[in-house]
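Each number in the working numbering corresponds to the 1-based position in the sequence shown with 10 added. Ideal Cβ placement from N, Cα and C applies to all residues, glycine included.
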Amino acid sequence: MLEKTNPGIVTYSETDEMGCSKYLFMSLAVSIQGFRATCHLVLCVDRAFLKINYGGTMLAAIAQDANMQLYSIAFGAVDSENNES
11 MLEKTNPGIV TYSETDEMGC SKYLFMSLAV SIQGFRATCH LVLCVDRAFL
61 KINYGGTMLA AIAQDANMQL YSIAFGAVDS ENNES
């Protein structure tokens, strides 16, 4: 569905055997294009632990543009910090 409403979006998701979400990654096409066109070659990745019933970790990839403003590239939600996610 996301690909139909947002052409060029990059997504990846995986569910477990019960159909519950394990991983989700998303990057809008406009973010990727803007990063390639204007951003410095430094990319920062950070995480935040989700304090909800299901837990997990939110990941974000951010760069800095030519005006020294933060530029969001991609984000994801994973079940926990491990090699699979």
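CA-to-CA distance, residue j to residue i, given in whole angstroms
i: Tyr81; j: Gly65; result: 26 Å
i: Ser32; j: Ala58; result: For the sequence presented, residue 32 should be read as Lys rather than Ser. Roughly 16 Å between the two C-alpha positions.
i: Ala76; j: Thr48; result: 6 Å
i: Met78; j: Val40; result: 19 Å
i: Lys14; j: Asp56; result: 29 Å
i: Pro17; j: Met68; result: 24 Å
i: Glu24; j: Val88; result: 10 Å
Member of the options whose CA lies at the smallest distance from the CA of residue i
i: Phe35; options: Ala76, Gly44, Phe59, Thr21; result: Thr21
i: Ile72; options: Lys61, Met28, Gly29, Gly86; result: Gly86
i: Asp60; options: Glu24, Leu51, Asp26, Ala70; result: Rather than Asp, the amino acid found at residue 60 in this sequence is Leu. Among Glu24, Leu51, Asp26, Ala70, the Cα nearest to that of Leu60 is on Ala70.
Per DSSP, the bridge partner or partners of residue i
i: Thr21; result: Met36
i: Met74; result: Note that residue 74 is Gln in the sequence shown, not Met. According to DSSP, which records beta bridges pairwise, Gln74 is partnered with Leu80.
i: Thr67; result: Phe59, Val88
i: Leu53; result: Ala73
Backbone secondary structure at residue i - three-state DSSP
i: Ile42; result: helix
i: Leu12; result: helix
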